[in-house]
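Peer 1:
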Amino acid sequence: MSGAISKPIEICGGGLSGLSLGIALRKRGIPVVLREAGSYPRHKVCGEFICGVSREVLEGLGISEALADAQVLSSSAWFRKGRLILERELPTPARGISRFSLDQRLAGQFEDLGGELITGERCQLGRESGEGVVWAAGRPRNQGRRWLGLKMHCSDLELNADLEMHLGDGAYVGVSKIEGGRANVCGLFALRSGLSGKQILSQYLRAAGLDHLNERLQEARCHEESFCAVAGFELGKSQRPSQMLCLGDAWAMIPPFTGNGMSMAFESAAEAVGLLESYALGKSSWSECLYQYNLNLSQRFDRRLSLAALLNPAMLGAVGQHAVSGIAKAKLLPFDWLFQRLRDV
């Protein structure tokens with residue numbers, strides 16, 4: 062088979078989408094070079110909550126074993142400024158695993174399959190846009206944007222459910238179980254001036270009115286080496302070059318409250334595998350590959366992205382949160398329906 066292949070695939074970015082695509086292509090005998098700016102293992106700002114991707118997609122990518130020991134998450138509790146507004150079982154159980162562990166496993170699997178992994182080398186968005194190049198390194202930072210993502214792992218933190226969601230002023234924070242008895246604390250915050258330094262997570266929690274959660278974290282054992290921050294990003298679909306195949310967040314970033322971002326990374330990789338194999342074998346052109354890929358992703362993701370964009374302001378603003386709280390307390394919130402619609406094709 063290898064003798065028939067004349068077009069290797071280059072992947073820029075070694076996160077979930079890039080690594081899982083690389084693994085799937087190597088399993089099909091396609092030569093792959095993957096360039097990653099960082100190294101492994103590493104912590105990343107991420108909810109570390111996988112919910113929505115099917116077993117068939119994970120098996121098709123060849124990565125189901127990497128998730129075999131992930132925490133099974135089945136219960137959720139939602140709070141507004143420390144007050145419980147909703148407790149529900151998740152309609153579909155989720156998986157909890159740190160990016161520190163998962164990315165390293167996938168990188169090792171990729172290399173074991175014969176993939177060429179180059180770390181410490183950053184791709185340039187303008188330069189890396191030719192045929193056979195896949196962009197999986199996220200989207201360019203936009204310093205004019207107003208969002209900040211903060212994440213930290215904590216131990217000795219007793220949770221009210223496998224997943225806690227905390228709504229505050231211009232913020233929401235997810236707390237969920239991962240391996241080693243730890244919890245991942247990850248939040249989206251509206252940027253505020255004058256907040257910085259080593260206690261920035263605590264500062265943002267207090268500024269958002271999440272004092273109760275902040276006090277719980279102060280009493281827990283939080284691991285400073287796991288702290289990460291990212292700013293200057295935009296939610297929704299990206300503005301991407303017409304000749305570039307983009308994966309994961311580089312194609313679209315769904316609002317984090319959905320818990321669907323990691324699943325979309327895997328799903329976008331799964332959509333690309335067969336098309337890139339056809340291109341690498343000379344059975345289709347790069348333009349044909351791109352056209353079909355973008356069409357497939359639009360059909361798969363557009364409805365959930367639109368619904369998430371509609372709901373996200375309500376999750377962050379006082380008026381929307383008050384409405385959500387009232388509807389939830391009246392037992393009128395269509396939780397299961399929303400959960401499913403934010404994951405449906």
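Position 141 of the sequence shown, counted from 1, bears residue number 202 in our numbering, the numbering being contiguous throughout. Quick reminder that beta carbons are idealized off the backbone N, C-alpha and C, glycines included. Model, not experiment: these values are computed from the prediction.
Establish whether the CB of D272 and some CB of chain D are separated by less than 9 Å.
Peer 2: You won't find chain D in this structure, because it holds only one protein chain.
Peer 1: List the DSSP bridge partners of I111.
Peer 2: Its beta-bridge partners are R156.
Peer 1: For the structure I just gave you, are there three or more beta carbon pairs, one from the region 106-124 and one from the region 191-201, closer than 8 Å?
Peer 2: Because the criterion of three Cβ pairs below 8 Å is not met, the region 106-124 and the region 191-201 do not touch.
Peer 1: Hey, how far is the Cα of L151 from the Cα of M213?
Peer 2: So the alpha carbons of these two residues sit roughly 24 Å apart.
Peer 1: What's the gap between the Cα of M62 and the Cα of R89?
Peer 2: For M62, the pLDDT reaches just 46, beneath the cut-off of 50, and the residue's location in the model is therefore unreliable, although a value from the coordinates is still provided. Answer to the nearest angstrom: the Cα atoms are 9 Å apart.
Peer 1: Mind checking who E210 pairs with in its DSSP beta bridge?
Peer 2: Residue identity check: residue 210 is Gly in the sequence provided, not Glu. Beta-bridge pairing links G210 to L249 and V291.
Peer 1: I need the straight-line Cα distance from M124 to G255, nearest angstrom please.
Peer 2: Looking at the sequence shown, residue 124 is not Met but Ile. In a straight line, the C-alpha of I124 is about 43 Å away from that of G255.
Peer 1: From G241 to L366, what does the alpha carbon distance come to, in whole angstroms?
Peer 2: Looking at the two C-alpha atoms, the distance is approximately 33 Å.
Peer 1: Measuring CB atoms only, is the region 324-335 touching the region 305-316, in the sense that at least three cross pairs come out at less than 8 Å?
Peer 2: Counting Cβ pairs under 8 Å, three or more are found: they touch.
Peer 1: How far does the alpha helix (DSSP H) with G322 in it reach, from first residue to last?
Peer 2: Residues G322 to A341.
Peer 1: List the residues that DSSP assigns as beta-bridge partners of M314.
Peer 2: DSSP, once it has assigned bridges, lists G297 as partnering M314.
Peer 1: Across the region 173-187 and the region 256-273, are there enough close Cβ pairs to call them in contact, namely three or more that are closer than 8 Å?
Peer 2: Because the criterion of three Cβ pairs below 8 Å is not met, the region 173-187 and the region 256-273 do not touch.
Peer 1: Check whether the Cβ atoms of H227 and G210 sit closer than 9 Å, and answer yes or no.
Peer 2: For H227 and G210, no; Cβs fall outside 9 Å.
Peer 1: Restricting to Cα atoms, I'd like to know which of S136, S299, L77 and A391 is closest to V236.
Peer 2: If we check each option's Cα against that of V236, S136 comes out closest.
Peer 1: Here's a check: name, in chain order, each residue in its chain whose Cβ is nearer than 7 Å to the Cβ of Q401, leaving out the five neighbours to either side.
Peer 2: The answer, listed in chain order, is P152.
Peer 1: Using the rule of at least 16 other Cβ atoms within 10 Å of the residue's Cβ for burial, across every protein chain shown, is H383 buried or exposed?
Peer 2: Flag for H383 reads exposed.
Peer 1: In whole angstroms, what is the alpha-carbon distance linking R243 and F161?
Peer 2: Between R243 and F161, the C-alpha separation is close to 13 Å.
Peer 1: Taking Cβ to Cβ, would you say L128 is nearer than 9 Å to R156?
Peer 2: Contact: yes.
Peer 1: In terms of alpha-carbon separation, which member of P92, G76 and C215 lies closest to A98?
Peer 2: The candidate whose alpha carbon is nearest that of A98 is G76.
Peer 1: Which term fits K238, buried or exposed, when burial requires 16 or more other beta carbons within 10 angstroms of its beta carbon?
Peer 2: Counting Cβ neighbours within 10 Å, K238 comes out buried, since at least 16 surround it.
Peer 1: If you drop the 5 nearest sequence neighbours on each side, which residues of the same chain put their C-beta closer than 7 Å to that of D405?
Peer 2: The residues are R364 and R365.
Peer 1: Classify G343: buried if its beta carbon has 16 or more other beta carbons within 10 angstroms, exposed otherwise.
Peer 2: It is exposed - the Cβ of G343 has fewer than 16 other Cβ atoms within 10 Å.
Peer 1: Any heavy atom of the ligand NAD closer than 8 Å to the Cβ of E97?
Peer 2: For the structure depicted, the ligand NAD is absent and the ligand set is empty, with no information on it obtainable.
Peer 1: Compare the beta carbon distance of N221 and L147 with 9 Å and say whether it is the shorter of the two.
Peer 2: No, they are not a contact pair.
Peer 1: By the DSSP assignment, the alpha helix (DSSP H) with Q264 in it spans what residues?
Peer 2: That run of the alpha helix (DSSP H) goes I261 to A268.
Peer 1: Taking Cβ positions, are N275 and S263 nearer each other than 9 Å?
Peer 2: Result yes, Cβ atoms of N275 and S263 sit closer than 9 Å.
Peer 1: Please classify E338: is it buried, with 16 or more other beta-carbons within 10 angstroms of its beta-carbon, or exposed?
Peer 2: So E338 counts as buried.
Peer 1: Hey, could you find the ends of the alpha helix (DSSP H) I84 is sitting in?
Peer 2: Per DSSP, I84 belongs to the alpha helix (DSSP H) from L77 to K88.
Peer 1: Taking the straight line between their C-alpha atoms, what separation do you get for L371 and L399?
Peer 2: Cα-Cα distance, rounded: 12 Å.
Peer 1: Suppose the cutoff is 6 Å on Cβ atoms and the five residues either side in sequence are ignored; what does the same chain contact list for T180 look like?
Peer 2: The residues are E97 and S100.
Peer 1: On the criterion of 16 or more Cβ atoms from any shown chain inside 10 Å, does R116 qualify as buried, or is it exposed?
Peer 2: R116 should be labelled exposed.
Peer 1: Could you check where the alpha helix (DSSP H) with Q279 kicks off and where it finishes?
Peer 2: Element bounds for Q279: D272 to E280.
Peer 1: Nearest-angstrom Cα distance between D272 and A341?
Peer 2: Straight-line Cα distance between these residues: approximately 54 Å.
Peer 1: Which same chain residues end up closer than 7 Å to K105 when comparing Cβ atoms and leaving out the 5 residues on each side of it in sequence?
Peer 2: Excluding sequence neighbours, K105 sits near R160 and C289.
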